[in-house]
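Asks:
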Amino acid sequence: MGVPVTTSAKLRLERVGKRYAVAGAPDTVAIDEFSLDVRQGEFLVIVGPSGCGKTTVLNVLAGLDTPTSGTVAIDDRLVTAPGPDRGVMFQDYALFPWQTVQGNVEFGLRYGPAGAGLDREAREQRVRRTIELVGLAGSETKYPHQLSGGMRQRVALARLMANEPEVLLMDEPLAALDAQTRIILQDEMLRIWGQDRPPSERRTVVFITHAIDEAVFLADRVAVMTAHPGRLKVVVDIPLSRPRSDATRALPQFQALTQQIWSLIRDEAYRAAVA
Amino acid sequence: MTTALDVHAERWWSAAGVGLLLPIALLITWQVLGTAVGTPRTPLPVNILKAAAAMIASGDLPAALLQSLGRVFGGFLLAAMLAIPLGLLMGYSRSAERNLDPLVETFRPIAAIAILPLAILWLGTGTSAAVAIVGYAAFFPLIVNAVAGAKHVNPTLLRAAATMGLDRMTTIRTVVIPAALPSIGVGLRIAMGVGWTAIVAAELAVGAKAGGGGSGGIGQMMFVFYAYSIELNRIIVCMIAVGLVALLLDRMLRALMRKLMPWASP
Chain A
1 MGVPVTTSAK
11 LRLERVGKRY
21 AVAGAPDTVA
31 IDEFSLDVRQ
41 GEFLVIVGPS
51 GCGKTTVLNV
61 LAGLDTPTSG
71 TVAIDDRLVT
81 APGPDRGVMF
91 QDYALFPWQT
101 VQGNVEFGLR
111 YGPAGAGLDR
121 EAREQRVRRT
131 IELVGLAGSE
141 TKYPHQLSGG
151 MRQRVALARL
161 MANEPEVLLM
171 DEPLAALDAQ
181 TRIILQDEML
191 RIWGQDRPPS
201 ERRTVVFITH
211 AIDEAVFLAD
221 RVAVMTAHPG
231 RLKVVVDIPL
241 SRPRSDATRA
251 LPQFQALTQQ
261 IWSLIRDEAY
271 RAAVA
Chain B
1 MTTALDVHAE
11 RWWSAAGVGL
21 LLPIALLITW
31 QVLGTAVGTP
41 RTPLPVNILK
51 AAAAMIASGD
61 LPAALLQSLG
71 RVFGGFLLAA
81 MLAIPLGLLM
91 GYSRSAERNL
101 DPLVETFRPI
111 AAIAILPLAI
121 LWLGTGTSAA
131 VAIVGYAAFF
141 PLIVNAVAGA
151 KHVNPTLLRA
161 AATMGLDRMT
171 TIRTVVIPAA
181 LPSIGVGLRI
191 AMGVGWTAIV
201 AAELAVGAKA
211 GGGGSGGIGQ
221 MMFVFYAYSI
231 ELNRIIVCMI
241 AVGLVALLLD
251 RMLRALMRKL
261 MPWASP
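Written out as C-alpha cells, the structure reads:
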C-alpha cells in the first residue's frame, strides 16, 4: 500500500516565491506561490518542462537559495541555510577532482559535522560499506576523471549516502547518462534508497527529473509543475507496489500513469519546444 | 629480427634526429662562416665547446651556477610564502581583493631590475640584495595566479561543501586551496623562470663592484668576462648555461606537479 498518512510533514514549502531582479526589465519569477508537503520517508519526484523552476525548488529546500516570499521548513524548523540534514546530489555530480573515489565518499564525514562522533575506523567502515552498496568496490583509488559518467554518478550517490542525511535532494542526477545506464541506475537508486525496507525506515527523497517515465518508476508521488511562472500544477499519486523492478515498467498501470502526466504538461511542453 | 622495443627506439631516434637537424645545420654554418669571414675574436662553436670544458673542469661554472641557484631558491621561497597565501585570500574574499589589488597592480609593471638601486642602497651588493630582487620578480606571477586559482573555483563544489555543513575555514582548506593548486603551479613555473631571469640581470648589474671568480654568481661571471677579460666564448657559455638551467628547473617543477596533482594532468 501507499505511504502512511502523517499529520506533520518532513518538508513543508509554504507559498514560496523566488524572484530575480533583472536590470532594466521586470523581475524574473522563478517560482510563485509554491506550496507542497513532503512526507517522512516518501520518494517525491518533481517533473515539469525545462525552465519551470524545478531546480529553484530544490535549492530553496537545500538552503542554497533564499526564497523572496513564503517559508521552507524541515520538521517544522525554518530552513535558512544549507545543513547536513539535507544532502544534495547535483546535476553535474560536483565531485572533487582532486579526491579519489574513496576521498570523495569520505569527504563529508571527514570534514563536515556528519562524521562527528565517528572514529577513524568507524568512518572507514561506513565508507567501505557505502562504496560496496553503490557497486564501486575496486575503484576506491581512482580519480573522477578516470571514471565513466555512470560511475561518477555512483560516486556522487555514495558521497550523499555516506553522510546519512535525513533528506536526499537530487537534481536530475541521471540526466547526463545514456538511456541504458539510466534505466540500470533507476533500479539501483531504488535499491540503495531501500525500497525493500518498511516505509518508516526509508529516507525522504525529493528528486527532480524531466523524464516522466523515470518519475513514475521512482516516485510515491509526482509533483507536476508548469512554467512562467513556476507553479505547482497537481500532485499525482503513484500507487504502484514496491519493490519495483523491470516488470513494473511493463505494467499497463505504469503506461497509464505516464500517459496521464504527459497529458498534464503536453501543451506546455509543445509551446516551450516551439518557442 | 626487429622487436617492438627496437621499433620504439628507432622511432625515438628518428624523431630526435629530425628535431636536432636544424640546430646542427645552424652550428655548422656558424662554424664555417665564422672561420671564413670572422675576426680572431668571433666566437665559434668549437671554441665555445673548449671554453665550456675548461670552465667546467676548473669548477668555476658549476660554482657560479650554484651560487645563483641558491639565490633564486631563496627569493622564490620568500615570494611564495608571501604571495600564495595573500593571493588565495584576495581570490576568495572580495574585500581583500578590493583593498590589495590596486597596490599589486601599481607595483607589477615596475621591472625587478628597476628596484635594483634601492636594493643595493639598502641591502648592499651581496646575496641579500639578489634574493630581494628575485623575490620581487617572482612575487607577481605567484600572486596573480593564486588569485585566479582561488577565484575560479567551480561554484558547485563550494555549494556541495556547504550542503555537507563545512565551515568557512574548512572549506578554504579542503576546497578552495586544492581547486587553486593547478593555477598556483602555473604561477610557480612562471615565477621560477622570472626569478632566474632577474638573478642574471641583477648579478650583471652589480658585477663590477665585487670580485671575480664564481662567488658572484653566473651573472657576475658574465660581467667579468665582458668588462675585464673580454672573452666572448665564455660569455656565450654562460648564456647557454643559463638557458639549460632554466629548462631543467621548469622540467623539474613540471614533474613535481604531475606527482603532486595526478588529477590535474589526465
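Note that the protein sequences, when read in sequence, are chains A and B. Residue numbers are given in the numbering used here: position 125 of the first sequence equals residue 125, and the series is strictly consecutive. Residue numbers are given in the numbering used here: position 31 of the second sequence equals residue 31, and the series is strictly consecutive. Note that beta-carbon positions come from the ideal geometry of N, C-alpha and C, so glycine has one too.
1) Say whether the segment 25 to 40 of chain B touches the segment 74 to 86 of chain A, bearing in mind that this needs 3 or more beta-carbon pairs closer than 8 Å, one atom from each stretch.
2) Give me the chain B residues within the contact set of ARG86/A, using Cβ-Cβ distance strictly less than 9 Å, ordered along the chain.
3) Spatial neighbours of GLY34/B within its chain, please: C-beta separation below 6 Å, excluding the five flanking residues on both sides.
4) Starting from MET222/B, follow the alpha helix (DSSP H) in both directions and report where the run begins and ends.
5) Could you have a look at MET261/B and say whether DSSP puts it in helix, strand or coil?
6) Listing by chain order, which chain A residues have their CB less than 8 Å from the CB of ARG254/B?
7) Would a check of beta-carbon distances place ARG168/B closer than 8 Å to chain A?
8) Beta carbons nearer than 7 Å to chain A: which residues of the segment 137 to 166 of chain B have them?
9) Per DSSP, which residues does PHE43/A bridge with? Please list them.
10) What is the DSSP secondary structure of GLY212/B, counted as helix, strand or coil?
11) Output yes if chain A places a C-beta closer than 8 Å to the C-beta of TYR92/B; else output no.
12) Please state if the CB of VAL176/B and the CB of ALA150/B are separated by a distance shorter than 8 Å.
13) Do VAL57/A and PHE43/A count as a contact pair if the criterion is CB distance below 8 Å?
14) Can you give me the C-alpha to C-alpha distance between VAL205/A and SER50/A, rounded to a whole angstrom?
15) Would you please state the rounded distance, in angstroms, between the beta carbons of VAL167/A and LYS54/A? I believe it to be under 8 Å.
16) Determine the burial state of PHE107/B: buried for a count of at least 16 other Cβ atoms within 10 Å of its Cβ, exposed for fewer.
17) May I ask you to list, following chain order, the residues of the segment 159 to 178 of chain A that have a beta carbon less than 7 Å from some beta carbon of chain B?
18) What distance in whole Å lies between the Cβ atoms of VAL22/A and VAL60/A, which are believed to be in contact at a cut-off of 8 Å?
19) Does the segment 98 to 110 of chain A come close enough to the segment 140 to 148 of chain A to have 3 or more Cβ pairs within less than 8 Å?
20) Less than 8 Å between the CB atoms is what I'm expecting for ILE156/A and VAL127/A, so what's the real figure, rounded?
21) Check whether the Cβ atoms of LEU169/A and ALA73/A lie closer than 8 Å to each other.
22) Leaving out five residues before and five after THR197/B in sequence, what residues of the same chain have Cβ atoms less than 6 Å from its Cβ?
23) With a Cβ-Cβ cutoff of 8 Å, do GLY135/B and LEU78/B count as a contact?
24) Apart from the five residues just before and just after ILE261/A, which ones in its own chain have a Cβ nearer than 8 Å to its Cβ?
25) Examine the ligand GDP and report whether any of its heavy atoms sits within less than 7 Å of the Cβ of VAL205/A.
26) Identify the residues that DSSP records as bridge partners of LYS10/A: which are they?
27) With 16 other CB atoms within 10 Å as the buried threshold, where does ILE110/B fall?
28) At 9 Å on the CB atoms, spell out the chain A contacts of TRP122/B, in chain order.
29) Leaving out five residues on either side along the sequence, give the residues of the same chain with a beta carbon under 7 Å from the beta carbon of ASP101/B.
30) Quick check on the DSSP output: the beta strand (DSSP E) that includes GLY83/A runs from which residue to which?
31) Within 10 angstroms of its Cβ, does LYS259/B collect 16 or more other Cβ (buried), or is it exposed?
32) Let me see if you follow: with CB-CB separation under 8 Å, is PRO26/A close to chain B or not?
33) Quick one: what's got a C-beta closer than 6 Å to GLN91/A's C-beta in the same chain, skipping five residues either side?
34) Would you say LEU174/A and ARG154/A are within 8 Å of each other, going by their C-beta atoms?
35) If you drop the 5 nearest sequence neighbours on each side, which residues of the same chain put their C-beta closer than 7 Å to that of GLY214/B?
36) Please compile the residues from chain B whose C-beta is within a distance smaller than 7 Å of the C-beta of TYR143/A.
Replies: This is what the structure gives:
1) no
2) On the first sequence, residue 86/A is found 86 positions in, with the first residue counted as 1. Those are THR163, listed as they occur along chain B.
3) Taking the first residue of the second sequence as position 1, residue 34/B is located at position 34. Only THR42, LEU44 meet the Cβ criterion.
4) To locate residue 222/B, count along the second sequence from 1; it is residue 222. 217 to 227 is the span of the alpha helix (DSSP H), which, as asked, contains MET222/B.
5) If you number the second sequence from 1, residue 261/B lands on position 261. Correct three-state label for MET261/B: coil.
6) For the purposes of this step, residue 254/B is taken as residue 254 along the second sequence, with counting starting at 1. The contacting residues do not exist; ARG254/B stays about 18 Å from chain A at best.
7) Here the question's residue 168/B lines up with position 168 in the second sequence. Chain A, which has no Cβ nearer than 8 Å to the Cβ of ARG168/B, makes this no.
8) THR156, LEU157, ARG159, ALA160, ALA162, THR163, MET164, GLY165, LEU166
9) In the first sequence, the residue the question calls residue 43/A occupies position 43. Answer by DSSP bridge pairing, in chain order: VAL205/A.
10) Within the second sequence, numbered from 1, the residue matching residue 212/B stands at position 212. Here GLY212/B scores only 45 on pLDDT, less than 50, and its place in the model should not be relied on; the value that follows carries that caveat. The answer is coil: DSSP assigns GLY212/B none of H, G, I, E or B.
11) Residue mapping note: residue 92/B aligns to position 92 of the second sequence, counting from 1. The Cβ of TYR92/B sits no closer than 8 Å to any Cβ of chain A.
12) Mapped onto the second sequence, residue 150/B falls at position 150. Mapped onto the second sequence, residue 176/B falls at position 176. Cβ atoms of ALA150/B and VAL176/B: closer than 8 Å.
13) Looking up residue 43/A in the first sequence gives position 43. Looking up residue 57/A in the first sequence gives position 57. Taking 8 Å as the Cβ cut-off, PHE43/A and VAL57/A do not qualify as a contacting pair.
14) If you number the first sequence from 1, residue 205/A lands on position 205. If you number the first sequence from 1, residue 50/A lands on position 50. Each residue's alpha carbon lies about 21 Å from the other.
15) Counting from 1 along the first sequence, the entry for residue 167/A is found at position 167. Counting from 1 along the first sequence, the entry for residue 54/A is found at position 54. The Cβ separation is near 16 Å, so there is no contact.
16) Within the second sequence, the letter at position 107 stands for residue 107/B. So PHE107/B counts as exposed.
17) For chain B, the residues of the segment 159 to 178 of chain A that bring a beta carbon within less than 7 Å of one of its beta carbons are ASN163, in chain order.
18) Here residue 60/A refers to the residue found at position 60 of the first sequence. Here residue 22/A refers to the residue found at position 22 of the first sequence. Incorrect: roughly 19 Å between the Cβ atoms, too far for contact.
19) yes
20) As a working mapping, residue 156/A is identified with position 156 in the first sequence. As a working mapping, residue 127/A is identified with position 127 in the first sequence. With the sequence shown as reference, residue 156/A is identified as Ala, and Ile is not the correct amino acid for it. Actually they do not touch by this definition, with Cβ atoms about 14 Å apart.
21) Taking the first residue of the first sequence as 1, we reach residue 169/A at position 169. Taking the first residue of the first sequence as 1, we reach residue 73/A at position 73. Not in contact: LEU169/A and ALA73/A (Cβ atoms no closer than 8 Å).
22) As a working note, residue 197/B is residue 197 in the second sequence. Cβ within range, chain order: n/a, list empty.
23) The residue given as residue 135/B occupies position 135 in the second sequence. The residue given as residue 78/B occupies position 78 in the second sequence. Cβ distance < 8 Å, so GLY135/B and LEU78/B count as in contact.
24) Locating residue 261/A in the first sequence gives position 261, counting from the first residue. Excluding positions up to five away in sequence, the list reads VAL47, ILE212, ALA215, VAL216, VAL222, VAL224, VAL236.
25) Within the structure as shown, the ligand GDP is missing, as the structure has no ligands at all.
26) Start at 1 with the first residue of the first sequence, and residue 10/A comes out as number 10. According to DSSP, LYS10/A bridges with nothing at all.
27) Within the second sequence, the letter at position 110 stands for residue 110/B. Classification for ILE110/B: exposed.
28) As a working note, residue 122/B is residue 122 in the second sequence. Under the 9 Å cutoff, chain A gives no residues; its nearest Cβ is about 41 Å from TRP122/B.
29) As a first step, residue 101/B must be located in the second sequence, where it is residue number 101. Taken in chain order, the residues that qualify are MET90.
30) Position 83 of the first sequence, counted from the start, is the residue given in the question as residue 83/A. Taken as a continuous stretch (DSSP letters only), GLY83/A belongs to no beta strand (DSSP E), as it is neither H nor E.
31) Numbered from its first residue, the second sequence carries residue 259/B at position 259. Classification for LYS259/B: exposed.
32) By 1-based counting over the first sequence, the position of residue 26/A is 26. Not an interface residue.
33) Translated into positions along the first sequence, residue 91/A becomes position 91. Within the same chain, GLN91/A has close Cβ partners ASP171, GLU172.
34) Here residue 174/A refers to the residue found at position 174 when the first sequence is read from its first residue. Here residue 154/A refers to the residue found at position 154 when the first sequence is read from its first residue. In this structure, LEU174/A sits away from ARG154/A, with a CB-CB distance that is not shorter than 8 Å.
35) Walking along the second sequence from the start, residue 214/B turns up at place 214. Since pLDDT at GLY214/B reaches only 46, below the 50 mark, its modelled position is unreliable, and no value is offered.
36) Residue mapping note: residue 143/A aligns to position 143 of the first sequence, counting from 1. Per Cβ cutoff of 7 Å: PRO262, TRP263.
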